[in-house]
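Colleague: Residue numbers for the sequence shown follow this note's numbering, beginning at 723 and rising by one.
Sharing a structure here in structure tokens format.
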Amino acid sequence: MPHALGIDLGGSTARAAVVERVNGRVLASARVKLTSREVRDVVGELVQLASQLPPTTGAVGVAVAGMLHGGVVKNAPNLGWRDVDLGATLSSALSREVLLLNDLSAAAWGEFRAGASRGASDSLTVFVGTGVGSAVISGGALLRGATGVAGEFGHLKVVPDGGRRCGCGQEGCLEAYAGGAKLAEWMTEEGLPGRAADLEVLALSGDVTARRLYDFIASQLSLAVANQVSMLNPAVLVLGGGVLSRSPGLVTHIEAGIARWSTVAARGVRVARAQLGDDSGLVGAALLG
Ligand SMILES: [Zn+2]
């Protein structure tokens, strides 16, 4: 069958698309705003969504923003889910095999097969949007780790003691500072107006408080990326997500961080912007399914 079905399940909306297997082109897509986060309701919405699209066969890839273990969503803060057996429930509702994927793994796979890192069998993908996430493709395969949660870049600790609380339940994670949702909270506490994506403009306009937050995020984010580049030696670093796409200065900081901190041997990494936009996870999920 030349076409595959992919689903991208976010905290407030779900999208589905039928994608050409050979090149990742989106042939048809549909979206729904979730009216409830009850598992049974969400599964019903996903079945309804899939029924609006042309028929496909084969496994369905489903990208979920959260930590997964096999077909179980261990922790998805945006959905308020812990230990939800989504894979089996959805598979039985759709009468098809379902493959659950972390949203960043799906995005990295989409960019590898049809976007910014196409043809590069070693890549690191980092998204800074509502949350902070990453995925690693090594030797042409997704790096999964022993229990499937490798690459949780957003939960690298940048403040070992007394740090800000993260959506994962721990403190001091990179995401608790640089992730759009947590950054917006931090900005509000500090009396700053606007959204996370506005911080760079505020900082560059000379606001001292904005500058302090921005400098902290820029240095921690670029240090973390540079360390991962040393660790993984990717050919391509793919950068995406709403905060990064609206903060060109952060991308410059990341490039400078690699030049300064990564091992000399790993500095040849090509830095590229994600090309598939909102579709990267959807396309990747379909192609992996
Ligand atoms: Zn965390």
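Glycine included, C-beta positions come from ideal geometry on N, C-alpha and C.
1) For L756, which of L771, V993, G876 and T852 has the nearest alpha-carbon?
2) Can you pull the DSSP bridge partners for D730?
3) So, is Q950 buried or exposed, given that buried needs 16 or more other C-beta atoms within 10 angstroms?
4) Return yes when the C-beta of G876 is under 7 Å from any heavy atom of ligand 1, and no when it is not.
5) Measuring CB to CB, does L823 end up less than 8 Å from A785?
6) Using DSSP bridges, identify the partner residues of E742.
7) Verify the contact flag: Q942, CB atom, against every heavy atom of ligand 1, threshold strictly below 7 Å.
8) Would you say E760 touches ligand 1, meaning its beta carbon is less than 7 Å from a heavy atom?
9) Helix, strand or coil for A872 per DSSP?
10) Just the C-alpha distance for L914 and I939, rounded to the nearest angstrom, thanks.
11) Which partner residues does I859 have in the DSSP bridge list?
12) I'd like to confirm the pairing. Which residues does DSSP put opposite H877 in its beta bridges?
13) Where does G851 land, buried or exposed, given buried means 16+ other C-beta within 10 angstroms?
Modeller: In terms of the structure at hand:
1) To locate residue 756, count along the sequence shown from 1; it is residue 34. Of the candidates L771, V993, G876 and T852, the one whose C-alpha sits nearest the C-alpha of L756 is L771.
2) One-based indexing of the sequence shown puts residue 730 at position 8. D730 pairs with R737 and A785.
3) Residue 950 sits at position 228 when you count from the first residue of the sequence shown. Around the CB of Q950, 16 or more other CB atoms lie within 10 Å, so the residue is classed as buried.
4) Position 154 of the sequence shown, counted from the start, is the residue given in the question as residue 876. Yes, Cβ of G876 sits closer than 7 Å to a heavy atom of ligand 1.
5) Here residue 823 is taken as the residue at index 101 of the sequence shown, counted from 1. Here residue 785 is taken as the residue at index 63 of the sequence shown, counted from 1. Against a cut-off of 8 Å, the Cβ pair of A785 and L823 comes out as a contact.
6) Here residue 742 is taken as the residue at index 20 of the sequence shown, counted from 1. Looking at the DSSP assignment, E742 forms a beta bridge with H725.
7) Here residue 942 corresponds to residue number 220 of the sequence shown, with the count starting at 1. No, ligand 1 has no heavy atom inside 7 Å of this Cβ.
8) Counting from one through the sequence shown, the residue named residue 760 turns up at place 38. For E760, the shortest C-beta to heavy atom distance toward ligand 1 is 7 Å or greater.
9) Within the sequence shown, residue 872 is the residue found at index 150, counting from 1. Assigned with DSSP and collapsed to three states, A872 falls in coil, not helix or strand.
10) The count along the sequence shown starts at 1 and reaches residue 914 at position 192. The count along the sequence shown starts at 1 and reaches residue 939 at position 217. Those two C-alpha atoms are separated by around 15 Å.
11) For the purposes of this step, residue 859 is identified with residue 137 of the sequence shown, where counting begins at 1. I859 pairs with S845 and L864.
12) By 1-based counting over the sequence shown, the position of residue 877 is 155. When beta bridges are read from the DSSP output, H877 appears opposite no residue.
13) By 1-based counting over the sequence shown, the position of residue 851 is 129. The residue in question, G851, is buried, as its Cβ has 16 or more Cβ neighbours within 10 Å.
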